[in-house]
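Chemist: Residue numbering for the sequence shown follows our numbering, starting at 3 and increasing by one per position.
Ideal placement from N, C-alpha and C gives every residue a C-beta, glycine not left out.
The structure that follows is given in the form of structure tokens.
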Amino acid sequence: MTFELHSSTCRQLSARFSFFSSYSYISQSTYSSSHQKHAGIMGIEYSTAKWLAPASFIYDFAAQQYGLNSTPSMKDINDRNTSFWSPQPYFIGAFFAPQQIVQLAWLYRLWKLDANKPKERAELDQIVNFCPWYILGNVCIGTWMFFWNSEQLKISNVFVMINSLSQLYFIFNKLGPMNTSSTSSILTHINAKTFAGIGVLDFVHNISVAYYKDALPTTAIKVITGAGFAGLAAGSDWIFGGCLVYDLIALSVGQATLNNSEWSKMLGGFAVATAGIVGLRNYFIPPYVKEPGYDLTAEDDTFDDRV
């Protein structure tokens, strides 16, 4: 649905309406110029996104390197603070490496695409739409590292919660269906959904070690885990759903190393069940669309470069 309103009124209503439209998707390719400039709650201009997004990537990457190489290291803190939602830490590292490659490809397009060319701008809008949430996520996780390595786990957990909840909000409420004919759409979906996917693992891990160190899972925790992942899986596409399965496998292996074999097996069962839910959901409700793409070298008329 498109509302044609006076621009100032539109901006006010857009900010309020977006809090309550929990299941409405905004088409990434049909924004009016007003929405392109002020996208939802966290609008950002192209010229700002072009610099802040790479800067946030560098900040987060540098913080992670600090965490890996400092004394005590990120893993040292992990090993002496365990709980019922502690994953195998190497699963996080294995996820981190390919995710960086996707981010770099996505950032490259942010710089490469020309906002003065209408066809390229349609692609660029999809990238810029995620930029505020991407920047917020990098700042939160980069800052989390400093508190984690100083073993101030309750404070570090605050930054994880902000990141995880904001990324989930974005993919379920602000991100339209992935267009398989659009490279920008594909990269944005992979970027956003892997951010949210690993954010779920970060969320449960950090909250457990911050408040329930050395605790074993109660019946309530087992129910919450199974129901929570099943609920997320029921609304997931292949990308985010795959991340959820990966999270549960990481938790299962992590609990096995902590000699919580029964809980580890249950988490493994949750992983299989989650995979089944994701598969059925996407089989009966295909999550993607295919619309005509564009040529990066297309010659188009120029116009205002603000998005």
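Determine the direct distance from the alpha carbon of proline 74 to that of valine 247, and round the result to whole angstroms.
Modeler: Here residue 247 refers to the residue found at position 245 of the sequence shown. Here residue 74 refers to the residue found at position 72 of the sequence shown. Going by the C-alpha atoms only, they are around 30 Å apart.
Chemist: Where does asparagine 140 fall in DSSP's three states?
Modeler: For the purposes of this step, residue 140 is taken as residue 138 along the sequence shown, with counting starting at 1. Helix.
Chemist: From glycine 201 to proline 120, what distance separates their C-alpha atoms?
Modeler: By one-based count along the sequence shown, residue 201 stands at place 199. By one-based count along the sequence shown, residue 120 stands at place 118. Going by the C-alpha atoms only, they are around 34 Å apart.
Chemist: Report the CB separation of leucine 218 from asparagine 262 in whole angstroms; it is logged as a contact under 8 Å.
Modeler: Taking the sequence shown and counting its residues from 1, one reaches residue 218 at position 216. Taking the sequence shown and counting its residues from 1, one reaches residue 262 at position 260. Their Cβ separation, rounded to whole angstroms, is 7 Å, which keeps leucine 218 and asparagine 262 in contact under 8 Å.
Chemist: Return the first residue and the last residue of the alpha helix (DSSP H) that glutamine 67 is part of.
Modeler: Locating residue 67 in the sequence shown gives position 65, where the first residue counts as 1. Per DSSP, glutamine 67 belongs to the alpha helix (DSSP H) from 48-71.
Chemist: Pop quiz: valine 130 and alanine 51 are said to be a contact at Cβ under 8 Å. What is the actual Cβ separation, rounded to whole angstroms?
Modeler: As a working note, residue 130 is residue 128 in the sequence shown. As a working note, residue 51 is residue 49 in the sequence shown. So it is a contact: roughly 5 Å between Cβ atoms.
Chemist: Evaluate contact between the region 172-192 and the region 206-225, counting only Cβ atoms and requiring at least three cross-stretch pairs below 8 Å.
Modeler: no
Chemist: How many Å lie between leucine 253 and phenylalanine 97 at the Cα?
Modeler: Indexing the sequence shown from 1 puts residue 253 at position 251. Indexing the sequence shown from 1 puts residue 97 at position 95. Spanning the two alpha carbons is a distance of roughly 14 Å.
Chemist: What do you reckon, is the C-beta of lysine 52 under 7 Å from a heavy atom of the ligand SAH?
Modeler: Absence of the ligand SAH is noted for the structure shown, with no ligands found whatsoever.
Chemist: To the nearest whole angstrom, what separates the beta carbons of asparagine 151 and serine 72, a pair I think is in contact under 8 Å?
Modeler: On the sequence shown, residue 151 is found 149 positions in, with the first residue counted as 1. On the sequence shown, residue 72 is found 70 positions in, with the first residue counted as 1. 6 Å between Cβ atoms; contact.
Chemist: So who's on the other strand from valine 291, going by DSSP bridges?
Modeler: Here residue 291 corresponds to residue number 289 of the sequence shown, with the count starting at 1. Beta-bridge pairing links valine 291 to Asn181.
Chemist: Taking C-beta to C-beta, are serine 85 and tyrosine 214 nearer than 8 Å?
Modeler: As a position in the sequence shown, residue 85 is number 83, starting the count at 1. As a position in the sequence shown, residue 214 is number 212, starting the count at 1. Note that the C-beta distance between serine 85 and tyrosine 214 is below 8 Å.
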